[in-house]
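Q:
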Amino acid sequence: MKSWVLKWHGGRTEVHSAGGMIGRTAFRVGRVGKERWLQPFYEAPWLDQGLAIESRLIANMRADYACVGLGRPHDAKDGLPLRWQAASRVPIAEEDGPITEADLLPHGYGVHHEWDLVRRSDRQLVLAINYPESSPITRLVRKITAFPDGIEVSMRIEARRRCRRPVGLHPNFALRSAPRSFHVEPGQFAFGITHPIGEPAVSLISPDAEFSDLAAVPLAGGGTCSLNDLPLPYATEEFVQLCGLDGRMSFTDRHDAVEWSLEWDSTQLPSCWLWISNWGRRHPPWNGRNACLGVILAAAPMNLGAQIAVAENPISTRGVATNVLITAQEPVTVSYRLRGRDLQS
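Take a look at the structure:
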């Protein structure tokens with residue numbers, strides 16, 4: 000595995016060939032004379048432990064990765080509710096591109112394979128990966144661009160023929176401090192929906208339920224819980240999607256006294272899927288020690304795979320896109336901008 004470092008006055012980030020993932024990243028925040036170096040992102044606690052982990056995604060899991068394909072295929076055998084099962088059985092139209100082996104890998108081919116450095120400057124790193132010839136996708140190009148107050152992360156998707164695919168940008172924020180110390184503030188969204196099945200024997204949220212406020216998400220045992228302030232004061236693993244989001248989210252880390260803001264084009268990525276990893280997974284290599292917030296900016300139905308994403312499904316029928324159209328003539332570029340604001344100054 001290779002890695003490349005981008006340094007500028009306002010920050011430093013390391014990008015890895017494995018999965019094209021962004022790794023350790025620090026930003027300079029605060030006014031002159033009172034600057035602090037702060038790290039918003041997560042890296043898996045097992046990275047340096049030499050564990051034998053079959054999944055390259057899990058083995059190398061870091062701060063941010065680009066996904067063409069989100070999750071893995073789901074169907075009735077996974078316990079999907081009937082309304083989601085229907086989407087899993089719909090044949091994919093020829094013009095939307097065949098589902099290939101590259102689409103069956105969790106979160107897509109790119110996060111499991113090596114990327115190459117295309118070019119670099121004092122303000123930008125550009126990486127790329129070629130897809131197998133059997134895939135309608137030809138290549139992904141990833142740019143990490145430095146700005147005085149943050150970074151912009153983009154992905155260009157090139158296709159050899161027309162297809163539709165679920166697409167997402169997957170930054171992961173660290174949850175290092177006391178329970179309820181990290182505040183999540185979404186922009187305006189049309190509706191929220193919980194995962195159809197959740198994390199088996201772990202999730203406490205009611206599956207396949209809708210909500211209108213992140214502070215009142217239905218619980219399986221009755222009542223509601225707030226997902227605005229993390230980490231939660233108990234072990235769990237939760238997945239919710241904010242559909243029809245306006246392209247803005249902010250995160251206040253009360254421990255570090257900093258606000259991180261995310262902005263992106265919601266006409267391309269109209270939803271945000273929140274993965275709340277809250278010490279809930281007990282099996283190796285998670286071992287009840289993983290705490291992070293995945294903020295997946297997406298045109299996708301959570302992690303339910305390409306088949307359901309391309310078919311008509313309970314999210315797309317309400318006017319929120321769950322896939323992106325890519326053609327050989329018109330590549331697609333998606334991006335987000337992350338900024339930090341000091342709250343001590």
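Just so we're aligned: the sequence shown equals residues 0 to 344 in numbering that gives the first Met the number 0.
All C-beta atoms in this analysis are idealised placements derived from N, C-alpha and C, irrespective of residue type, glycine included.
Just so it is clear, the structure is predicted and the values come from calculations on it, not from any experiment.
(1) List the whole-angstrom C-beta distance separating valine 117 from leucine 103, where the pair is believed to meet the contact cut-off of C-beta under 8 Å.
(2) Is there contact here, the segment 260–278 with the segment 238–246, by at least three beta-carbon pairs under 8 Å?
(3) Out of His254, Gly222, Phe181, Arg71, which has the shortest C-alpha to C-alpha gap to leucine 231?
(4) Could you give the C-beta distance for proline 199 and phenylalanine 210, rounded to a whole number, given that I count them as a contact under 8 Å?
(5) Specify whether the segment 80–95 and the segment 40–59 touch according to this definition: at least 3 beta carbon pairs, one from each stretch, less than 8 Å apart.
(6) Taking DSSP as the reference, what is the three-state secondary structure of glutamate 198?
(7) Roughly how many angstroms lie between the CA atoms of alanine 305 and leucine 124, to the nearest whole one?
(8) CB-CB under 6 Å to leucine 324, same chain, minus the five flanking residues each way: which ones, in chain order?
(9) Just to confirm my understanding: we take alanine 101, look at its own chain, exclude 5 residues before and 5 after, and list those with CB closer than 8 Å. What are they?
(10) How many angstroms separate the CA atom of serine 260 from the CA atom of arginine 35?
(11) Which word fits valine 140, buried or exposed, when buried means at least 16 other C-beta atoms lie within 10 angstroms of its C-beta?
(12) Is DSSP giving arginine 336 helix, strand or coil here?
(13) Can you say whether glutamine 343 is buried or exposed, counting buried as having 16 or more other CB atoms within 10 angstroms of its CB?
(14) Between the C-alpha atoms of arginine 55 and aspartate 148, what's the straight-line distance to the nearest angstrom?
(15) If you follow the beta strand (DSSP E) that valine 14 is in, where does it begin and where does it stop?
(16) Once DSSP output is grouped into helix, strand and coil, what is the label at tyrosine 233?
(17) Out of Arg253, Leu203, Trp114, Ser249, point me to the one whose CA is closest to valine 239's CA.
(18) According to DSSP, simplified to helix, strand and coil, what is lysine 76?
(19) To the nearest angstrom, report how far apart tryptophan 83 and tyrosine 41 are at their CA atoms.
(20) May I ask you to report which of helix, strand or coil DSSP gives threonine 326?
(21) Taking the straight line between their C-alpha atoms, what separation do you get for glutamate 151 and leucine 226?
(22) For alanine 298 and aspartate 121, what's the separation of their Cα atoms in angstroms?
(23) Runs of 3 residues minimum, wholly inside the segment 254–331: which ones carry the beta strand (DSSP E) assignment?
(24) Could you pull the DSSP bridge partners for lysine 142 from this structure?
(25) With respect to the alpha helix (DSSP H) encompassing isoleucine 57, which residues constitute its N-terminal and C-terminal limits?
(26) Bridge partners for glycine 70 per DSSP, in chain order?
A: Here's the rundown:
(1) Contact flag wrong, Cβ pair sits at about 27 Å.
(2) yes
(3) Phe181
(4) The Cβ separation is near 21 Å, so there is no contact.
(5) no
(6) Glutamate 198 falls in the coil class under three-state DSSP.
(7) 29 Å
(8) The answer, listed in chain order, is Arg163.
(9) Gly68, Gly107, Tyr108, Tyr130, Pro131, Ser133, Ser134, Ile136
(10) 17 Å
(11) Per the 10 Å Cβ criterion, buried.
(12) strand
(13) exposed
(14) 32 Å
(15) 10–15
(16) coil
(17) It is Leu203.
(18) For lysine 76, the secondary structure class from DSSP, reduced to helix, strand or coil, is helix.
(19) 31 Å
(20) If DSSP states are grouped into helix, strand and coil, threonine 326 belongs with coil.
(21) 26 Å
(22) 32 Å
(23) 257–263, 270–277, 290–298, 323–325
(24) Val125, Ser153
(25) 55–58
(26) Leu303
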